[in-house]
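Residue numbers for the sequence shown follow this note's numbering, beginning at 23 and rising by one.
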Amino acid sequence: MRRALILVLVLIVGYGVTALACTSILVGKDASVDGSTMVTHTCDGSYDARLQVIAGGVHEEGETVSIYKGLCQATVPGRTVSYVGEIPQVPETYTYFHIGYPFMNEHQVIIGETTWSGERALRNSQGWMTIEQLQVLGLQRGTTAREVIQIMGELAEKYGYGDGGEGLTVIDGDEAWLFEVCGPGPFWSPGSEEPGAVWVAQRIPDDHVLVHANRSRIGEIDLENTDYFMASPNVYSTAQELELWDGQEPFVFYAAYGPKNAFYNTRREWRVLDLLAPSLELDPWAERYPLSVKPDKKVSVHDLMMIKRDHYEGTEFDLTVGLAAGPFGNPNRYATSSSQRPEGVNYDGWERAISMFRCSYVIVGQARNWMPDAIGGVTWFGEDAPHSTVYIPFYAGATSVPESFSQGARDYFDRTFAWWAFNHVSNLADLRYDVAIEMIKEEYTKFESEFLTNQPLIEKVALDLYKSNPEAAIDFITNYSNGLANRVVDRWWKLADELIYTLNDGYVNGSTAGYPTWWLEEVGYGATTQR
Numbered sequence: 023m024r025r026a027l028i029l030v031l032v033l034i035v036g037y038g039v040t041a042l043a044c045t046s047i048l049v050g051k052d053a054s055v056d057g058s059t060m061v062t063h064t065c066d067g068s069y070d071a072r073l074q075v076i077a078g079g080v081h082e083e084g085e086t087v088s089i090y091k092g093l094c095q096a097t098v099p100g101r102t103v104s105y106v107g108e109i110p111q112v113p114e115t116y117t118y119f120h121i122g123y124p125f126m127n128e129h130q131v132i133i134g135e136t137t138w139s140g141e142r143a144l145r146n147s148q149g150w151m152t153i154e155q156l157q158v159l160g161l162q163r164g165t166t167a168r169e170v171i172q173i174m175g176e177l178a179e180k181y182g183y184g185d186g187g188e189g190l191t192v193i194d195g196d197e198a199w200l201f202e203v204c205g206p207g208p209f210w211s212p213g214s215e216e217p218g219a220v221w222v223a224q225r226i227p228d229d230h231v232l233v234h235a236n237r238s239r240i241g242e243i244d245l246e247n248t249d250y251f252m253a254s255p256n257v258y259s260t261a262q263e264l265e266l267w268d269g270q271e272p273f274v275f276y277a278a279y280g281p282k283n284a285f286y287n288t289r290r291e292w293r294v295l296d297l298l299a300p301s302l303e304l305d306p307w308a309e310r311y312p313l314s315v316k317p318d319k320k321v322s323v324h325d326l327m328m329i330k331r332d333h334y335e336g337t338e339f340d341l342t343v344g345l346a347a348g349p350f351g352n353p354n355r356y357a358t359s360s361s362q363r364p365e366g367v368n369y370d371g372w373e374r375a376i377s378m379f380r381c382s383y384v385i386v387g388q389a390r391n392w393m394p395d396a397i398g399g400v401t402w403f404g405e406d407a408p409h410s411t412v413y414i415p416f417y418a419g420a421t422s423v424p425e426s427f428s429q430g431a432r433d434y435f436d437r438t439f440a441w442w443a444f445n446h447v448s449n450l451a452d453l454r455y456d457v458a459i460e461m462i463k464e465e466y467t468k469f470e471s472e473f474l475t476n477q478p479l480i481e482k483v484a485l486d487l488y489k490s491n492p493e494a495a496i497d498f499i500t501n502y503s504n505g506l507a508n509r510v511v512d513r514w515w516k517l518a519d520e521l522i523y524t525l526n527d528g529y530v531n532g533s534t535a536g537y538p539t540w541w542l543e544e545v546g547y548g549a550t551t552q553r
């Protein structure tokens, strides 16, 4: 009876399902080549791509914090950021990197994100907190991954969670965690003594890797094992109250709270795990994979950068081959409306790659416990799609980023905004993908090889400075990163101009390039021009 009432309430409120986006990977410190804990995130969709450093500070008693909904899409045309209310400020906040989904603070806590929507029965619009608002507050207030998760969970419980089901991959120099949160159902209201959210967190073993790709991943939980699990006090009771779990079968978080998702999501899980642990010979058609696995070899930052650029190359799902890829091997697949789809085909008719053309930005973060936080935390950040961007290192102690990264608009072609340089190049590549992507690869390989090769030397200088003058060290790493960022953006605008010339009018550098024979045969070349 209660389940039926919930379904009626859901229909009345008319919740839509959140658009699924984003792929995140966790790497424990003993699974990486150098002892770094690592995390990734692709922000797939139209989100705020302005990268800003928000300074922390000391606050007086009685100060408050404004809470908003819609922060993640602040620059998206037609979307609004809405003010919700005020909550008490804490005595001290920490500097953090703000963007659609804020990702790093000065204590080298780094966060990735992925949406899993959750059962509709869990939604509650009265909740104040969205996932990006929780990330802001967690990064401002916490010094470790565990502490940030606890802060976000407690705030969601107290003020209510008004977003769809979300997952955050959270690291510091020692630990790697997966945090999953969803609403409490339609019966909760502000001021209630009951928790306004359901959440759970699980730490992965230090020698494991994990992938999170738009569906709930946490299964059975052991809350007595506090080294590896945390949860809200209602994690079991809400599932029973909303008739999502009968209380008899073993409790599995994803089975109770997460909707069943299609291969649109599971295929990416398979791909990441198969790339990192091919010896497992995982079935690409399986419905469930292990939460985390031990990789066949230690994982590097560069490994993660390249995985984020993947389109299933070399597999039966390769998006760069076949008729759908066109004559030039284009892996991009655009959204198809319901009226255009063949009968019987649902929304996930195309394979969903790890690297998406509609990505707003991508990160690969590494936290290192043997360095001061300001230098030990570094996020390799790229605007727009992973396969056509450059990863630029920004350090946890940085005090600024270039204005071209922090300011800009997406509702017109804004040449002052770095994001547009990368998006422009990515779109131009669609003219003749096979030629363009090789030009792009050549450029990002030069930059990233230089940055990775120089990283130990740059950090040695910074560490030596830090011993005697931390301020000078922070200025050094800030100026270093900003210099790289400015160089890359300048080069990408020039690359766009080169692509326009190179691919002009269907030629390649002024010469006829034509089409591959196999494609001409497939499309009936010559059928109407001769008898």
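Yeah, the Cβ is synthetic: ideal placement off N, Cα and C, and Gly gets one too.
Just so you know, these numbers come straight off a predicted model, no measurement behind them.
L232 carries a strand assignment under DSSP once its states are collapsed to helix, strand and coil. The residues I329, in chain order, have a CB closer than 7 Å to that of L297 in the same chain once the five nearest residues on each side in sequence are set aside. It is roughly 40 Å from the alpha-carbon of T550 to the alpha-carbon of R331. One Cα belongs to E544, the other to G344, and the distance between them is close to 10 Å.
Cβ contact annotation for V257 (same chain, cutoff 7 Å, sequence separation greater than five): V220 and V222, in chain order. In the three-state DSSP reduction, N127 falls in the strand class (E or B). DSSP places F209 in the coil class of the three-state scheme, outside both helix and strand.
Bounds of the beta strand (DSSP E) holding R225 are V220 to R225. Scanning its chain for C-beta atoms nearer than 7 Å, with the 5 sequence neighbours on each side dropped, one finds around H234 the residues S46, T136, G189, T191 and L200, in chain order. Taken atom to atom, the span from the alpha-carbon of A96 to that of M378 is near 21 Å.
Counting along the chain, the unbroken alpha helix (DSSP H) around E154 starts and ends at I153 to R163. Beta bridge pairing from DSSP links E114 with V80. DSSP places W515 in the helix class (H, G or I) of the three-state scheme.
Rounded to the nearest angstrom, the gap between the Cα atoms of L485 and L453 is 46 Å. Comparing C-alpha distances from I153 to each of E179, D185, T260 and R163 shows the shortest one belongs to D185.
When the Cα atoms are used, E128 and T539 turn out to be separated by approximately 55 Å.
Taking one beta carbon from each stretch, the segment 92–110 and the segment 401–408 have fewer than 3 pairs nearer than 8 Å; the two do not touch.
The C-beta of T358 has fewer than 16 other C-beta atoms within 10 Å across all chains shown, which makes the residue exposed. When V55, G50, L48 and A458 are compared, the shortest CA-CA separation from S322 is found for V55.
Three or more Cβ pairs closer than 8 Å define a contact, and the segment 54–71 meets that threshold against the segment 374–392. With fewer than 16 neighbouring CB atoms inside 10 Å of its own CB, R437 falls in the exposed class.
Under the DSSP assignment, D395 falls in the alpha helix (DSSP H) whose first and last residues are D395 to G398. Minimum Cα-Cα distance from E481 among the listed residues P99, I397 and D370 corresponds to I397. Take S68, set aside five residues on each side of it, and the residues of its chain with a beta-carbon closer than 6 Å to its own are V98, in chain order. Cβ neighbours of N508 within its own chain (closer than 7 Å, five residues either side excluded): P424.
Of all C-beta pairs linking the segment 233–247 to the segment 168–178, fewer than three are shorter than 8 Å, placing the two stretches out of contact. DSSP places F444 in the helix class (H, G or I) of the three-state scheme. For Y279, the enclosing alpha helix (DSSP H) begins and ends at F275 to Y279.
With respect to the C-alpha of G430, the residue from D66, C44, V49 and R72 having the closest C-alpha is R72. Taking Q262 as the centre and dropping the five residues before and after it, the same chain places the C-beta of D268 and G269 closer than 8 Å to its C-beta, in chain order. Judged by DSSP secondary structure, H63 falls within the beta strand (DSSP E) whose first and last residues are T59 to D66. In this chain, Q148 is not harboured by any beta strand (DSSP E), its DSSP state being neither H nor E. About 6 Å separates the beta carbon of P415 from that of S503, a gap short enough to meet the 8 Å contact definition. The Cβ-Cβ distance between H120 and I385 does not fall below 7 Å. With a contact defined as Cβ atoms closer than 8 Å, P306 and R290 miss out at about 11 Å.
Straight-line measurement puts the Cα of Y488 at about 18 Å from the Cα of T117.
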